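Taking our numbering, the leading residue of the sequence shown gets 122, the next gets one more, and so forth.
Here a beta-carbon is modelled for each residue, glycine too, at the ideal position from N, C-alpha and C.
It should be emphasised that the depicted structure is a prediction, and the values quoted were computed from it without experimental measurement.
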Amino acid sequence: MLQFITSHSDRYSLIQEVEMAIAGGCRWIELRMDHIAADGRKAALKSAAAEINAICKDADAFLIINGDVDLAIEVECHGVHLNRDSMSPAEARDKMGPAAVIGVTVDSADDIIALKNKDIDYVTLDTDDINAIRETVTTVRQARVGIPIVAAGNADIASIPALKAAGANGIAASRSIIDADNPEDYTRRMLSALA
Numbered sequence: 122m123l124q125f126i127t128s129h130s131d132r133y134s135l136i137q138e139v140e141m142a143i144a145g146g147c148r149w150i151e152l153r154m155d156h157i158a159a160d161g162r163k164a165a166l167k168s169a170a171a172e173i174n175a176i177c178k179d180a181d182a183f184l185i186i187n188g189d190v191d192l193a194i195e196v197e198c199h200g201v202h203l204n205r206d207s208m209s210p211a212e213a214r215d216k217m218g219p220a221a222v223i224g225v226t227v228d229s230a231d232d233i234i235a236l237k238n239k240d241i242d243y244v245t246l247d248t249d250d251i252n253a254i255r256e257t258v259t260t261v262r263q264a265r266v267g268i269p270i271v272a273a274g275n276a277d278i279a280s281i282p283a284l285k286a287a288g289a290n291g292i293a294a295s296r297s298i299i300d301a302d303n304p305e306d307y308t309r310r311m312l313s314a315l316a
């Protein structure tokens, strides 16, 4: 599975990024707008979320919002990705209900194991160290934790075989897609490499 995470670009708007990723076959979009100052982020995020959610619905793709449960509920998107400073997964589930997709950023096997009995759908392991991913996945699976692990850390086409071999259940990509000469084609090739 491939998750596309929006990111500030001098070449494309967030809307264009999403349209290209979807045109390339990606059906999992995370809206993140860390490049906007905190005082203006809420309004910008709300505006972008409404437009991107409509694009995703038309394409039968799903949208999650990074770090903002209330906005995810307001725009009626599919879920939320919780960061280290977001609300707890239990609070998010209570607010969003059983059908929402809830992901959590983690740094280690211990973080994932601590989430074992939490009602979440996936974790994003934020590292580009293949050995660390392999060791984390091995430790987590030995602890009988079945939460899907998405590798996020400069993932690109060249890293996909190693990430798959390390046990990652999916890949989260951003810059590798946006910075490609042809983001739509690059997305298509990433999905092919993941198949």
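Going along the chain, which residues of its own chain have a beta-carbon closer than 7 Å to the beta-carbon of residue i, five neighbours each way excluded?
{"i": "A264", "result": "I234"}
{"i": "S207", "result": "G188"}
{"i": "A170", "result": "L152, I186, L192, V196, C198"}
{"i": "L184", "result": "I150, L152, I173, N174, C177, C198, H199"}
{"i": "R310", "result": "I278"}
Am I right that residue i and residue j are in contact with their C-beta atoms under 8 Å? What's the rounded C-beta distance?
{"i": "V261", "j": "A230", "result": "5 Å"}
{"i": "A273", "j": "T245", "result": "5 Å"}
Once DSSP output is grouped into helix, strand and coil, what is the label at residue i?
{"i": "A283", "result": "helix"}
{"i": "L166", "result": "helix"}
{"i": "R152", "result": "The sequence shown places Leu at residue 152, rather than the Arg named in the question. Three-state DSSP puts L152 in a strand."}
{"i": "D247", "result": "strand"}
{"i": "N238", "result": "coil"}
{"i": "I268", "result": "coil"}
{"i": "N187", "result": "strand"}
{"i": "A273", "result": "strand"}
{"i": "K227", "result": "The sequence given here has Val at residue 227, not Lys. DSSP places V227 in strand when its eight states are reduced to three."}
{"i": "V222", "result": "strand"}
{"i": "A289", "result": "coil"}
{"i": "V196", "result": "coil"}
{"i": "A316", "result": "coil"}
{"i": "A211", "result": "helix"}
{"i": "A171", "result": "helix"}
{"i": "A294", "result": "strand"}
Measure the Cβ-Cβ separation of residue i and residue j and say whether it is below 8 Å.
{"i": "I301", "j": "A276", "result": "In the sequence on display, residue 301 carries Ala and not Ile. Not a contact, by the Cβ cut-off of 8 Å."}
{"i": "I328", "j": "E151", "result": "Residue 328 lies beyond the residue range present for the chain, which begins at 122 and ends at 316; the question has no answer from this structure."}
{"i": "I254", "j": "D242", "result": "no"}
{"i": "R214", "j": "D191", "result": "no"}
{"i": "V258", "j": "A287", "result": "yes"}
{"i": "V225", "j": "L203", "result": "yes"}
{"i": "A314", "j": "I278", "result": "yes"}
{"i": "A193", "j": "V201", "result": "yes"}
{"i": "R296", "j": "S134", "result": "no"}
{"i": "S130", "j": "I299", "result": "yes"}
{"i": "E140", "j": "I176", "result": "yes"}
{"i": "K285", "j": "V266", "result": "no"}
Ordered along the chain, which non-local residues of its own chain (more than five positions away) have a Cβ less than 8 Å from that of residue i?
{"i": "L312", "result": "L123, G145, G146, C147"}
{"i": "D181", "result": "R148"}
{"i": "N290", "result": "M122, Y243, P269, I270, V271"}
{"i": "A283", "result": "I251"}
{"i": "D306", "result": "G145"}
{"i": "I136", "result": "A169, E172, I173, I176"}
{"i": "M217", "result": "V190, A193, I194, G200, V201, I223"}
Between which residues of its own chain and residue i is the CB-CB distance below 6 Å, once the five residues before and five after are set aside?
{"i": "I143", "result": "A180, A182"}
{"i": "T248", "result": "G274"}
Is the Cβ of residue i closer than 8 Å to any Cβ of chain C?
{"i": "Q137", "result": "Although the question refers to chain C, the structure presented lacks it and comprises just one protein chain."}
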